[in-house]
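This report concerns only the one structure given below.
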Amino acid sequence: MIDVQGLRALIAVADTGSVTAAAGLLHYTPSNVTQRVQRLEHSVGAPLLERVGRGVVLTELARRLVDEGRPAVLRLDDLAEVAASADPSGRVRVAAFPTALRGLVVPLIPALRDAYPALRVEPVELEPSDGARHVRLGLVDVAVAKSWGAAPIGETDPDLHRVVLGQDAVDVIVARDHPLGHRARLTGSELVDQDWAVTPERDPYRRWLESTTGLGGGRGIVYEAAEFQSLLAFVEQGLAITVLPRLGRGMLPAGTVAVPLADATAFREVSAIVRVPRRDGANIRAVLDGLRQLMAATGPDGES
256 MIDVQGLRAL
266 IAVADTGSVT
276 AAAGLLHYTP
286 SNVTQRVQRL
296 EHSVGAPLLE
306 RVGRGVVLTE
316 LARRLVDEGR
326 PAVLRLDDLA
336 EVAASADPSG
346 RVRVAAFPTA
356 LRGLVVPLIP
366 ALRDAYPALR
376 VEPVELEPSD
386 GARHVRLGLV
396 DVAVAKSWGA
406 APIGETDPDL
416 HRVVLGQDAV
426 DVIVARDHPL
436 GHRARLTGSE
446 LVDQDWAVTP
456 ERDPYRRWLE
466 STTGLGGGRG
476 IVYEAAEFQS
486 LLAFVEQGLA
496 ITVLPRLGRG
506 MLPAGTVAVP
516 LADATAFREV
526 SAIVRVPRRD
536 GANIRAVLDG
546 LRQLMAATGP
556 DGES
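Residue numbers (this note's numbering): 256 to 559.
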């Protein structure tokens with residue numbers, strides 16, 4: 256008979272690449288993980304991990320067990336979530352991209368701790384594409400995702416359920432003494448020839464910005480940086496303008512102002528992804544309700 260806890264430990268080693276990392280994921284000690292895998296080896300009558308240098312690799316049999324056993328382990332976890340007490344309790348792993356982590360998930364922790372003392376939210380910072388994959392594999396329970404403007408979500412996964420949390424408005428950030436700084440609102444077509452601070456070209460934000468404002472077709476200088484705070488530094492020095500969403504943005508630098516971008520697609524949609532069988536579980540409902548409330552409470556300056 257297959258040892259389920261051993262199989263769970265083996266899957267964690269496969270997902271993380273090491274016994275130590277698997278122990279952190281499962282909240283075990285490394286020796287616990289090793290013992291569980293050894294029990295599984297005894298039940299199947301063959302070695303499952305091979306030591307290479309300081310690390311381990313899975314045997315061919317181990318890879319088969321992971322591929323074929325993962326759905327069964329996920330189904331057991333799904334059943335445990337649905338059958339749990341009506342009162343939220345235990346651990347919920349919530350993945351989010353950086354500004355959602357800062358603006359939604361971090362405030363969610365004390366909010367749910369006060370409402371449900373037995374419930375513990377564990378935050379994980381991940382980009383949306385990785386977040387959805389982690390939900391599918393059972394590595395996290397909820398992933399906060401985003402899409403820019405009216406961009407299509409993409410192919411749907413029958414194992415995943417997406418819940419819209421709300422829309423995150425977008426502003427043009429300019430120096431206070433910039434000619435556009437006194438405006439009540441702006442449209443993308445008015446920004447084409449400005450000097451810009453934007454993320455690199457592969458970023459979905461950059462592609463959305465180009466389609467909305469005509470960025471790249473103007474005569475202005477384009478400065479690139481990966482982090483939003485770096486983009487704001489260019490604006491603070493009077494070198495460029497930028498366009499940023501409000502969620503998790505925090506306080507703007509002194510000497511800069513935010514002017515709403517009025518285009519119909521000037522928003523990013525924020526959603527949460529969960530496994531379909533778990534969407535009605537008490538823990539998941541508590542997390543989704545909390546995220547919705549925080550998203551609705553996001554203020555005009557990007558502070559929740």
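Beta carbons are placed, not taken as given, at the ideal position from N, Cα and C, and that holds for glycine.
Checklist line | Entirely enclosed beta strand (DSSP E) segments - the stretch 391–465, minimum 3 residues | finding: 397–403, 415–430 and 451–453
Next item on the list: Within the same chain, show all residues whose beta-carbon is closer than 6 Å to that of L446, passing over the 5 residues directly before and after it, in chain order.
Entry: By 1-based counting over the sequence shown, the position of residue 446 is 191. T468, listed in sequence order.
Notebook entry, point to check: Beta-carbon separation of A341 and A541 under 8 Å?
Noted result: Here residue 341 corresponds to residue number 86 of the sequence shown, with the count starting at 1. Here residue 541 corresponds to residue number 286 of the sequence shown, with the count starting at 1. No. Outside cutoff.
Next item on the list: Can you tell me which of I476, R474 and I496 puts its alpha carbon nearest to the alpha carbon of Q484?
Entry: Here residue 484 refers to the residue found at position 229 when the sequence shown is read from its first residue. Looking at the Cα atoms, I496 is the closest of the given residues.
Next item on the list: Along the beta strand (DSSP E) that carries P532, what are the first and last residues, could you check?
Entry: Along the sequence shown, read from residue 1 onward, the residue named residue 532 stands at position 277. No beta strand (DSSP E) holds P532; DSSP gives it neither H nor E.
Check: Taking the alpha carbon of A269 as the point to measure from, which residue in P500, H282, A317 and N287 has its own alpha carbon closest?
Finding: Walking along the sequence shown from the start, residue 269 turns up at place 14. Residue A317 is the option with its Cα nearest to A269.
Item checked: Local conformation of R330 per DSSP, three classes -> By 1-based counting over the sequence shown, the position of residue 330 is 75. Three-state DSSP puts R330 in a helix.
Checklist line | G272 to V361 span [Cα, whole Å] | finding: Along the sequence shown, one-based indexing puts residue 272 at 17. Along the sequence shown, one-based indexing puts residue 361 at 106. For G272 and V361, the distance between alpha carbons rounds to 28 Å.
Note to self: Rounded to the nearest angstrom, what separates R462 and A480 at their Cα positions?
What the structure shows: Against the sequence shown, residue 462 aligns to sequence position 207. Against the sequence shown, residue 480 aligns to sequence position 225. Roughly 14 Å between the two C-alpha positions.
Note to self: Tell me which residues share the same chain as A264 and place their Cβ nearer than 6 Å to its Cβ, disregarding the 5 neighbours each side in the sequence.
What the structure shows: Counting from one through the sequence shown, the residue named residue 264 turns up at place 9. Once the five neighbours on either side are set aside, the close Cβ partners of A264 are V288, R291 and V292.
Check: Can you tell me whether DSSP reads R306 as helix, strand or coil?
Finding: Locating residue 306 in the sequence shown gives position 51, counting from the first residue. Looking at R306 - three-state DSSP - the assignment turns out to be strand.
Note to self: According to DSSP, simplified to helix, strand and coil, what is L516?
What the structure shows: Along the sequence shown, one-based indexing puts residue 516 at 261. Strand.
Note to self: Determine whether the beta carbon atoms of V514 and L435 lie at a separation below 8 Å.
What the structure shows: Here residue 514 is taken as the residue at index 259 of the sequence shown, counted from 1. Here residue 435 is taken as the residue at index 180 of the sequence shown, counted from 1. In this structure, L435 lies closer than 8 Å to V514 by Cβ.
Notebook entry, point to check: Is DSSP giving T314 helix, strand or coil here?
Noted result: Here the question's residue 314 lines up with position 59 in the sequence shown. Coil at T314, not helix or strand.
Checklist line | Element boundaries [beta strand (DSSP E), containing R294] | finding: Sequence index remark: in the sequence shown, residue 294 carries index 39 (1-based). Where R294 is concerned, there is no enclosing beta strand (DSSP E), although the alpha helix (DSSP H) it sits in stretches over P285 to V299.
Next item on the list: Below 6 Å CB to CB, which residues in the same chain sit around D258 once its five sequence neighbours on both sides are set aside?
Entry: Taking the first residue of the sequence shown as position 1, residue 258 is located at position 3. Hits under 6 Å: R294, L295 and S298.
Margin query: Considering just the uninterrupted stretch of the beta strand (DSSP E) at E377, what are its terminal residues?
Written below: Your numbering for residue 377 matches position 122 in the sequence shown. Its beta strand (DSSP E) spans residues L374 to E380.
Item checked: Sequence-distant residues of the same chain with beta carbon closer than 8 Å to V427, five excluded per side -> The residue labelled residue 427 in the question sits at position 172 within the sequence shown. Closer than 8 Å at the Cβ level, and outside the excluded window around V427, lie L435, L441, L446, I496, T497, V498, A513, V514, P515 and L516.
Item checked: Spatially closest choice to G493 from A373, V529, A366 and V429, by CA coordinates -> Residue 493 sits at position 238 when you count from the first residue of the sequence shown. Nearest of A373, V529, A366 and V429 to G493, Cα basis: V429.
Next item on the list: Taking 8 Å as the threshold, find out whether the stretch 314–329 comes into contact with the stretch 354–372 through three or more Cβ pairs.
Entry: no
Check: By Cβ distance below 7 Å, which residues in the same chain neighbour E465 in space, the five residues on each side in sequence not counted?
Finding: As a first step, residue 465 is located in the sequence shown; it is residue number 210 there, counting from the start. Correct list, in chain order: G471.
Check: Do the stretch 447–457 and the stretch 517–524 meet, that is, are 3 or more Cβ pairs less than 8 Å apart?
Finding: no
Notebook entry, point to check: Start and end of the beta strand (DSSP E) containing V477?
Noted result: Counting from 1 along the sequence shown, the entry for residue 477 is found at position 222. Counting along the chain, the beta strand (DSSP E) containing V477 begins and ends at V477 to E479.
Notebook entry, point to check: When you compare each of L363, P532, E315 and P508 to A335 by their alpha carbons, which one comes out closest?
Noted result: Locating residue 335 in the sequence shown gives position 80, counting from the first residue. Nearest of L363, P532, E315 and P508 to A335, Cα basis: P532.
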